[in-house]
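Just below is one structure, and these are the notes that go with it.
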Amino acid sequence: MQVNTRAALGQLSDMDIRLLRVFKTVADCGGMTAAELELNIGTSTVSRHIKDLETRLGLSLCRRGRAGFALTPEGEQIYAETLQLLAGVDAFRSRVDEIHQRMGGELHLAVFDKTASNPQAHIGEAIALFAAQAPGVSLHLHVAPLNVIERGVLDGQFQMGIIPGHRASTALAYDELFTEKMFLYCGQAHPLFVASAAQEPADWRALDPYPFAGLGYHSPNMELTQQVRLSRQATGYDQESIATLILSGRFLGFLPDHYAADFVQRARMRALRSQVFGYQCSFFGILRASPQPARVTLALQACLRQAHAMNAPTGSATN
Numbered sequence: 001m002q003v004n005t006r007a008a009l010g011q012l013s014d015m016d017i018r019l020l021r022v023f024k025t026v027a028d029c030g031g032m033t034a035a036e037l038e039l040n041i042g043t044s045t046v047s048r049h050i051k052d053l054e055t056r057l058g059l060s061l062c063r064r065g066r067a068g069f070a071l072t073p074e075g076e077q078i079y080a081e082t083l084q085l086l087a088g089v090d091a092f093r094s095r096v097d098e099i100h101q102r103m104g105g106e107l108h109l110a111v112f113d114k115t116a117s118n119p120q121a122h123i124g125e126a127i128a129l130f131a132a133q134a135p136g137v138s139l140h141l142h143v144a145p146l147n148v149i150e151r152g153v154l155d156g157q158f159q160m161g162i163i164p165g166h167r168a169s170t171a172l173a174y175d176e177l178f179t180e181k182m183f184l185y186c187g188q189a190h191p192l193f194v195a196s197a198a199q200e201p202a203d204w205r206a207l208d209p210y211p212f213a214g215l216g217y218h219s220p221n222m223e224l225t226q227q228v229r230l231s232r233q234a235t236g237y238d239q240e241s242i243a244t245l246i247l248s249g250r251f252l253g254f255l256p257d258h259y260a261a262d263f264v265q266r267a268r269m270r271a272l273r274s275q276v277f278g279y280q281c282s283f284f285g286i287l288r289a290s291p292q293p294a295r296v297t298l299a300l301q302a303c304l305r306q307a308h309a310m311n312a313p314t315g316s317a318t319n
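Counting from 1, position 199 in the sequence shown corresponds to residue 199 in the UniProt record's numbering; the numbering is continuous, with no gaps.
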């Protein structure tokens, strides 16, 4: 670890904030070359900015060379602090905009993956409503795993998230928005793909001989896997990875019916006894329970409620 005997950092300047934003982008992109396109500046300029920040902080933040890009332990700590700082700056900007009775600044919404093809999800319609109400807001849409979204909302990296419901946290506020059907699938090369209805497993215990691919973090998928004691021998961290494992022909796995539909139509996978091996999960919009969200965040929440209420099936309603 590099030891510095200089005086403390002192006041942060606008230049320091800009350098920290560059550093965050480089870390998020996994290197300076990848960050070049995101920042719209040359690699040499990116490198100079990182060097300036290291000099300013008196710390080595990253390693770059033939072995690739990696944050140093100090760099990882500075990255975590940078997320907190930039979230605070964005929150301050939103509060000032509220004082002026206008909605501006940036808003970060994080969504669990493969929701765009769900006919029950109307996130696009909600964004259209929001953009009409708040044209001065720069909206950033992220796709991330459930645990990353929850953590990001709690630490201020995301102002709002949309996730499948699982264990609730008192630190978050929840709005039920839509549902999703999950079925158990096998790939074309799996022995069950050509099984007749009589040959298919009839219950959960009959699945014991077949390796299962499940999500590697707490989720409805993991809860069910543990409840019925499926033999998980492969782990994915998003729906795309689970689909790839299923397509290998080696594993069974759960997928949203709307996402799997194209694979099924092309005879690359099929569902197994959907009336038995399936479940439905609800998706929720989540916000930090406190402090009170900014007006721009509440506006997006209202647009999500409105879009899903307008498109709710007859006889049902969102909370």
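Cβ atoms here follow ideal geometry from the backbone N, Cα and C, with glycine treated the same way. Fair warning: this is a prediction, and the values are worked out from it, not measured in the lab.
Residue burial classification, residue i (beta-carbon count within 10 angstroms, cutoff 16)
i, result
"residue 114", "buried"
"residue 42", "exposed"
"residue 22", "buried"
"residue 105", "buried"
"residue 48", "exposed"
"residue 92", "exposed"
"residue 267", "exposed"
"residue 97", "buried"
"residue 150", "buried"
"residue 315", "Legend: pLDDT at residue 315 = 49, less than 50; position of this residue unreliable, value from coordinates given subsequently. With fewer than 16 other Cβ atoms within 10 Å, it is exposed."
"residue 194", "exposed"
"residue 15", "exposed"
"residue 205", "exposed"
"residue 202", "exposed"
"residue 243", "buried"
"residue 28", "exposed"
"residue 225", "buried"
"residue 170", "exposed"
"residue 285", "buried"
"residue 111", "buried"
"residue 1", "Per-residue confidence for residue 1 stands at a pLDDT of 44, beneath the threshold of 50, marking its modelled position as unreliable; no derived number is given."
"residue 54", "buried"
"residue 148", "buried"
"residue 294", "buried"
"residue 317", "Confidence at residue 317 is low in this model, with a pLDDT of 42, below 50, so the placement of that residue is unreliable and no value is reported for it."
"residue 228", "exposed"
Contact belief for residue i with residue j at Cβ below 8 Å, rounded distance in angstroms
i, j, result
"residue 344", "residue 152", "Outside the shown range of the chain (1 to 319) lies residue 344, about which nothing can therefore be said."
"residue 184", "residue 271", "7 Å"
"residue 172", "residue 83", "In fact, because the Cβ distance is near 18 Å, the residues do not count as touching under 8 Å."
"residue 307", "residue 129", "6 Å"
"residue 81", "residue 61", "Actually they do not touch by this definition, with Cβ atoms about 11 Å apart."
"residue 37", "residue 46", "Incorrect: roughly 10 Å between the Cβ atoms, too far for contact."
"residue 238", "residue 145", "6 Å"
"residue 200", "residue 192", "7 Å"
"residue 158", "residue 109", "7 Å"
"residue 254", "residue 121", "Not quite, the Cβ-Cβ distance comes to about 18 Å (not below 8 Å), so this is no contact."
"residue 281", "residue 182", "7 Å"
"residue 209", "residue 233", "In fact, because the Cβ distance is near 12 Å, the residues do not count as touching under 8 Å."
"residue 32", "residue 64", "7 Å"
"residue 166", "residue 218", "6 Å"
"residue 249", "residue 189", "3 Å"
"residue 71", "residue 79", "6 Å"
"residue 213", "residue 251", "4 Å"
"residue 297", "residue 107", "7 Å"
"residue 119", "residue 258", "6 Å"
Span of the alpha helix (DSSP H) around residue i
i, result
"residue 124", "123-133"
"residue 64", "Counting along the chain, residue 64 falls outside any alpha helix (DSSP H), and DSSP gives it neither H nor E."
"residue 260", "257-265"
"residue 275", "First-last for residue 275: undefined, no H or E at that position."
"residue 49", "43-57"
"residue 298", "295-310"
"residue 12", "First-last for residue 12: undefined, no H or E at that position."
"residue 144", "No alpha helix (DSSP H) holds residue 144; DSSP gives it neither H nor E."
"residue 72", "Premise fails: residue 72 is in no alpha helix (DSSP H) and is neither H nor E."
"residue 35", "32-39"
According to DSSP, residues forming a beta bridge with residue i
i, result
"residue 270", "186"
"residue 284", "163 and 176"
"residue 320", "What the structure shows of the chain is the stretch from 1 to 319, and residue 320 is not part of that stretch, so it cannot be assessed."
"residue 88", "Paired residues: none, contrary to the question."
"residue 254", "184"
Enclosing beta strand (DSSP E) for residue i [first to last residue]
i, result
"residue 109", "105-111"
Cβ-heavy atom distance, residue i to the ligand GDP, below 6 Å
i, result
"residue 90", "Annotation note on the ligand GDP: not contained in the displayed structure, which lists no ligands."
Residue i at chain D interface by Cβ criterion, 7 Å
i, result
"residue 124", "No chain D is part of this structure, which consists of one protein chain only."
Q: Could you name each continuous alpha helix (DSSP H) segment of 4 residues or more that falls completely within the region 173-250, going from the start of the chain to the end?
A: The region 173-250 contains these whole alpha helix (DSSP H) runs: 220-228 and 239-247.
Q: Pick out the complete beta strand (DSSP E) segments inside the region 151-175, 3 residues or longer, and give them in chain order.
A: Listed in chain order, the complete beta strand (DSSP E) runs (minimum 3 residues) inside the region 151-175 are 160-164.
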